[in-house]
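Enquirer: Mind looking over this structure? Questions follow.
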Amino acid sequence: MLNEETILFALNDMDDTLLERTRLALGLKLGAKKHGTGKYIRIVLLAAVISALMIGAAWATGLIGLGNMRAGQLFGINMLSIEGLSDSAEGRALKEWLSFYEEHREDPYDPEEAIALMDEYGPYGVTTQAMADEIDRICGKYGLKRLGKLSAPPDEKSFYRAAGIGKLTAGNEKFENDYGGGYVYSSGTFQYDGTLFPRDTDYCFPYQLRNAAKGVLGYVTINAGDPNDYTEWQYKTKDGQTLTVSDSAHGAFLLLDREDSFVVVSIAKTGWADHFNDGMLDGLGDRQVTFELSREDLEAIADSFNWAALDDPDLGMDGEFAYHQYSETSAVEQLTNKNIDLSMIPESQEWLKPSISAVYEQQIAPYIRDFKLVDYCIEKGSIDIGWISFTGTPIKPLNWRKVPSDKGEVYCRSVCVNADENGLPLALDSFDMLPVQKLDLAKNIGTEENPDRIWLANEQRTIASASLYVLQNGETYTVSDPASIEALALMLKRSTIDSFDAEDPRFNPLYLTYTDGSRALVFTAASGANAFWQYGMWQSYQYGRTIFDLFGVPLEAKGYTEHDGILTSHVDSPDRSLLKWIEMDFEKDGDLIVRRIMSDQVREMRYEYDEEHHCVRETWWDGGVMNNEIVSTYGEDGQILHSEMHAGNMWTVSDYEYDSEGRLTAELHRDNDDAPGATGGNIYYSYDAEGNCRRKMGWEQ
């Protein structure tokens with residue numbers, strides 16, 4: 021369970037615009053035939069895969085191996101140190117810190133104090149001044165220093181420069197060794213994520229390399245399983261470096277005890293295969309594969325590193341690097357239609373131009389000439405959704421309606437842009453919209469450097485009615501009865517309505533009408549799901565019924581069939597790039613009970629509910645085997661209190677706290693990848709006298 025530290029909390033909460041720019045920079049939307057193009061934005065996934073697989077310990081005699089790396093217990097689990105051997109100063113110090121933390125991890129703490137301590141002590145999971153004092157005491161006792169300032173260099177070459185080493189990735193005739201991204205501490209400790217590509221195969225798999233500087237108190241540990249799982253031997257690489265190779269069915273390690281550092285390379289035995297023939301092995305739509313690595317394979321992997329680069333900062337630095345230079349203007353120019361005027365889009369939103377061009381070329385140009393963009397409202401992400409309004413002359417009679425706006429009568433059509441098999445923008449279904457601005461649930465009234473986020477839930481006006489357009493059958497459904505309006509307001513207050521559905525990227529617009537006559541728009545998932553973002557993942561159906569159920573959308577609508585009291589919806593993938601179809605089974609009262617997805621094989625998600633229709637258990641099945649489970653509990657008022665996700669050896673636990681008025685005050689998240697007591701994934705809410713809500717992430721200073 022390798023800890024990804026503060027930088028990964030930042031990546032988990034990265035702005036969608038920045039993620040999309042990174043995507044463009046790495047060729048994901050430019051059709052670049054380059055494996056590993058998604059590596060910077062996939063660091064979290066790489067870490068999760070490795071964390072799930074590295075579960076063993078070693079029993080070694082007469083050589084440096086996993087058996088020499090015992091670090092004590094954490095949460096009652098035997099741990100191994102990734103910072104050094106058990107009898108080293110670093111190992112003894114880590115063991116002492118883990119013992120202290122195990123005793124004090126439940127101590128109460130002030131969130132503001134914890135956040136203030138993160139800059140100096142964040143990597144150690146410190147939440148109180150007493151814990152910070154203990155870190156200083158241990159460092160003094162063993163003559164160690166703290167990890168220091170963290171930096172995340174933007175590319176491979178600058179990473180090596182920051183780490184003070186030469187080029188580590190070499191590759192050979194058997195494996196291509198590709199740098200992904202990493203971070204460096206001022207004390208000399210560094211870590212990066214890489215990918216190994218076996219030659220002449222269609223799959224790749226991840227690894228992590230951590231160089232723990234000696235004389236520094238580190239904290240990264242690994243979950244110890246059966247010590248008999250591993251076979252270990254010493255191997256002398258082609259460049260003369262002798263190291264230990266540890267191998268098991270779950271994963272493997274390369275261990276190197278140097279004069280000034282301790283190096284651990286963690287190798288996964290699960291990776292991705294290019295199942296959909298998109299020319300990219302980046303984990304996006306690729307098939308997960310499990311494979312064996314022979315002794316010769318592992319030794320070849322050891323030879324794919326320039327070990328001498330750890331001592332020679334100039335070695336290989338004049339060669340080629342995994343450096344992805346990005347020019348936003350040039351990327352936009354490649355994808356922007358030159359026949360339409362998009363000058364009204366400001367420079368800060370240049371990233372919208374390719375999507376608008378794709379909608380024009382694929383959905384509008386065949387029907388409209390003299391196109392002129394009037395306005396737009398687009399939510400940026402891996403899939404761009406929203407609307408554009410425009411004027412133009414129909415080429416032939418259309419059933420598109422014109423709608424009034426503050427700029428006169430205009431056409432207003434939906435925008436839903438995915439990527440095709442070449443990574444180029446692909447416009448999906450287009451339909452009539454209303455030129456209504458999206459409802460914002462939060463805004464930053466501070467600066468980017470010092471954010472002050474106001475959560476707007478408590479400022480929401482009173483909803484008078486709402487209408488939902490359902491793309492699947494082209495019908496609009498309206499609710500105005502108090503019970504449905506109250507349920508809808510509760511969903512909005514908790515930010516549980518969202519357009520995200522990994523299996524069906526389309527959306528249905530939900531229009532809100534307030535008692536003062538104003539209107540707002542919410543983008544909802546085409547499946548009717550209500551979802552919320554929980555610590556790096558989307559969770560669905562946690563706060564009650566689906567949007568379809570709330571609006572009384574008849575399950576007998578187009579696409580539904582009935583069999584043995586179960587109604588089934590079957591939807592083919594709009595572009596079939598990531599899957600073939602999605603199928604959902606509903607009970608007669610509207611609750612979703614099973615979701616089936618067909619890509620390379622059928623996978624299932626099954627849902628269980630309590631009497632109040634809250635989803636209390638969600639399980640994911642692959643090939644008849646359950647590989648993921650989410651269990652949730654709720655209070656009497658329907659507020660979610662606790663949620664646990666388990667997937668193999670990965671787990672995420674979330675607790676929700678409320679004040680006396682029922683307002684959410686904290687979301688406390690922890691998982692198997694956290695440092696002891698880490699608070700970086702937490703979200704804290706506070707309220708001023710006017711009821712405005714401030715929202716802070718745990719890693720914000």
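Mapping the sequence shown onto our numbering, position 66 (from 1) lands on 86, and the numbers just tick up by one.
Each residue gets a CB set at the ideal place from its N, CA and C atoms; glycine is no exception.
Just so you know, these numbers come straight off a predicted model, no measurement behind them.
Alpha carbon to alpha carbon, how far is N419 from G556? Give it in angstroms, no decimals.
Expert: The predicted position of G556 is uncertain, since its pLDDT is 41 and thus under 50; a value taken from the coordinates is nonetheless stated next. Looking at the two C-alpha atoms, the distance is approximately 42 Å.
Enquirer: On the DSSP bridge list, what partners appear for Q492?
Expert: Answer is none; Q492 lacks a bridge partner.
Enquirer: Taking Cβ to Cβ, would you say N438 is nearer than 7 Å to I403?
Expert: Yes, the Cβ-Cβ distance between N438 and I403 is below 7 Å.
Enquirer: With which residues is N647 paired in a DSSP beta bridge?
Expert: DSSP lists no partner for N647.
Enquirer: Helix, strand or coil for N702? Go by DSSP, reduced to three states.
Expert: The answer is coil: DSSP assigns N702 none of H, G, I, E or B.
Enquirer: With H, G and I counted as helix, E and B as strand and the rest as coil, what does DSSP make of R315?
Expert: It is helical.
Enquirer: Is it a yes or a no for the segment 409–416 touching the segment 381–396, going by three-plus beta-carbon pairs under 8 Å?
Expert: In short, these stretches touch, since the Cβ pair count reaches three.
Enquirer: By the 10 Å Cβ neighbour count, where 16 or more other Cβ atoms means buried, how is A233 classified, buried or exposed?
Expert: That one is buried.
Enquirer: According to the Cβ coordinates, are A190 and S324 closer than 7 Å?
Expert: The answer is yes: Cβ separation under 7 Å.
Enquirer: So, helix, strand or coil for W407, using DSSP?
Expert: Correct three-state label for W407: strand.
Enquirer: Please state the DSSP three-state secondary structure of M511.
Expert: In the structure shown, M511 sits in a helix (DSSP, three-state: H, G or I).
Enquirer: Can you look up N419 in the DSSP assignment and give me helix, strand or coil?
Expert: Coil.
Enquirer: Taking 8 Å as the threshold, find out whether the segment 162–174 comes into contact with the segment 187–203 through three or more Cβ pairs.
Expert: The segment 162–174 is in contact with the segment 187–203.
Enquirer: Hey, is the segment 700–709 in contact with the segment 671–690, meaning 3+ C-beta pairs nearer than 8 Å?
Expert: Enough Cβ pairs lie closer than 8 Å, so yes.
Enquirer: Assuming contact is defined by CB atoms lying nearer than 7 Å, are R125 and R473 in contact in what I supplied?
Expert: Result no, Cβ atoms of R125 and R473 do not sit closer than 7 Å.
Enquirer: N231 and F210 - do their beta-carbons sit closer together than 7 Å?
Expert: The answer is yes: Cβ separation under 7 Å.
Enquirer: Could you please give me the residues that DSSP links to Q211 through a beta bridge?
Expert: According to DSSP, Q211 bridges with Y203 and R230.
Enquirer: With the cut-off set at 7 Å, would you say V435 and I408 are in Cβ contact?
Expert: Their beta carbons are under 7 Å apart, which means V435 touches I408 by this criterion.
Enquirer: Would you check if there are 3 or more beta carbon pairs closer than 8 Å linking the segment 367–386 to the segment 213–232?
Expert: In short, these stretches do not touch, since the Cβ pair count stays below three.
Enquirer: Please list the segments of the beta strand (DSSP E) lying wholly inside the segment 128–205, counting only runs of 3 or more residues, in order along the chain.
Expert: Qualifying beta strand (DSSP E) stretches, in chain order: 195–205.
Enquirer: At which residues does the alpha helix (DSSP H) containing Y121 begin and terminate?
Expert: Segment A109 to H124, the alpha helix (DSSP H) holding Y121.
Enquirer: According to DSSP, is S266 helix, strand or coil?
Expert: Three-state DSSP puts S266 in a strand.
Enquirer: Around the C-beta of P529, are 16 or more other C-beta atoms found within 10 angstroms, so that it is buried, or is it exposed?
Expert: Buried.
Enquirer: Considering S377, what are the terminal residues of the alpha helix (DSSP H) in which it resides?
Expert: K373 to V379 is the extent of the alpha helix (DSSP H) around S377.
Enquirer: Whose CA, out of H590, Y489 and D501, lies closest to the CA of I483?
Expert: The residue with the shortest Cα to Cα distance from I483 is D501.
Enquirer: Do you know whose CA, among Y396, G336 and D331, lies nearest S363's CA?
Expert: Closest by alpha carbon: Y396.
Enquirer: Once you ignore the five residues that flank D334 on each side, which residues in its own chain have a CB closer than 7 Å to its CB?
Expert: Here the set comprises G186.
Enquirer: By DSSP's criteria, T544 is part of a beta bridge. Which residues make up the other side?
Expert: According to DSSP, which records beta bridges pairwise, T544 is partnered with N528.
Enquirer: To the nearest angstrom, report how far apart I155 and A136 are at their CA atoms.
Expert: Roughly 16 Å between the two C-alpha positions.
Enquirer: Using only the alpha-carbon positions, how far apart do P366 and I567 sit?
Expert: Taking the straight line joining both Cα atoms gives about 35 Å.
Enquirer: Mark D679 as exposed unless 16 or more other C-beta atoms lie within 10 angstroms of its C-beta, in which case mark it buried.
Expert: Per the 10 Å Cβ criterion, exposed.
Enquirer: To the nearest whole angstrom, what separates the beta carbons of D691 and M670, a pair I think is in contact under 8 Å?
Expert: Between M670 and D691 the Cβ distance is about 7 Å, and since that is below 8 Å, they are a contact.
Enquirer: What distance in whole Å lies between the Cβ atoms of M625 and R637, which are believed to be in contact at a cut-off of 8 Å?
Expert: Their Cβ separation, rounded to whole angstroms, is 11 Å, which puts R637 and M625 out of contact at 8 Å.
Enquirer: Looking at C-alpha atoms only, which residue of D361, H666 and D675 is the closest neighbour of G655?
Expert: For the residues D361, H666 and D675, the minimum Cα distance to G655 belongs to D675.
Enquirer: Does the distance from the C-beta atom of Y227 to that of Y144 stay below 7 Å?
Expert: Result no, Cβ atoms of Y227 and Y144 do not sit closer than 7 Å.
Enquirer: Tell me which same chain residues have a C-beta within less than 8 Å of the C-beta of T147, skipping the five on either side of it?
Expert: Cβ neighbours of T147 beyond the five flanking positions: D127, Y129, E133, A134, L137, G697 and T699.
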